[in-house]
Amino acid sequence: MLTTMNPASRRRRMTLLLGAVGVAALLAAALPELTAAGAAAVTAAASSATVDIDNFAFTPAALTVTAGTTVTWKNEDDSPHRIGDKNGTFKSAALDTDDSFSHTFAAPGEYPYICTIHPYMVGTIIVKPAGS
Ligand SMILES: [Cu+2]
């Protein structure tokens with residue numbers, strides 16, 4: 093699409109944008125605790141992600157989420173699989189077909205994991221700090 097915005101309209105948009113940024117900055121400066129708590133609560137409540145287990149592989153193999161996200165693994169294979177991270181932070185029971193396992197990642201970091209029944213099945217959850 094070709095954009096031919098007239099200069100007056102563009103200036104009005106910039107003013108609105110700067111006004112919104114200014115209000116947000118003022119609020120953040122005046123109410124730092126409220127803003128931080130509100131942001132954290134929204135992130136935790138809204139965040140979930142899924143890793144499919146199919147054909148003896150994790151999809152996606154590398155998943156990036158923000159802290160507070162609940163990740164659910166779902167076994168869509170005919171064989172059982174069992175999730176275990178390499179640092180012992182989380183592990184599932186053996187998951188039969190259509191079984192799932194969830195873990196909430198509170199702390200940022202990298203969490204490499206395997207299927208402990210088939211150790212050649214590998215995956216990683218990368219947890220970024222909330223608000224980044
Ligand atoms: Cu497995």
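Numbering follows the numbering used here, in which position 28 of the sequence shown is assigned residue number 120; successive positions increment by one, without gaps.
By construction, the Cβ of each residue, glycine as well, lies at the ideal position given by its N, Cα and C atoms.
Here the structure is a predicted model, which means the values were calculated and not measured.
Quick one: is the Cβ of residue i within less than 7 Å of any heavy atom of ligand 1?
i, result
"His173", "yes"
"Asn209", "The amino acid occupying residue 209 in the given sequence is Ile; Asn does not appear at that position. Flag set: Cβ of Ile209 near ligand 1."
Since residue i contacts residue j with CB under 8 Å, what's their CB separation in whole angstroms?
i, j, result
"Gly180", "Ala222", "That belief does not hold up - the Cβ atoms of Gly180 and Ala222 are roughly 24 Å apart, past 8 Å."
"Thr162", "Ser139", "7 Å"
Out of curiosity, what's the CA-to-CA distance linking residue i and residue j?
i, j, result
"Ser101", "Phe148", "Low confidence applies here, because Ser101 scores a pLDDT of 48, under 50, leaving its location unreliable; read the following figure in that light. Looking at the two C-alpha atoms, the distance is approximately 55 Å."
"Val214", "Pro204", "7 Å"
"Phe150", "Asn167", "9 Å"
"Leu187", "Thr142", "15 Å"
"Ile218", "Leu155", "6 Å"
"Phe197", "Val157", "9 Å"
Thinking C-beta only, is residue j closer than 8 Å to residue i?
i, j, result
"Asp169", "Asp146", "yes"
"Thr189", "Glu202", "no"
Margin query: Three Cβ pairs or more, each shorter than 8 Å: is that satisfied between the stretch 162-174 and the stretch 206-216?
Written below: The stretch 162-174, when compared against the stretch 206-216, does touch it at the 8 Å Cβ threshold.
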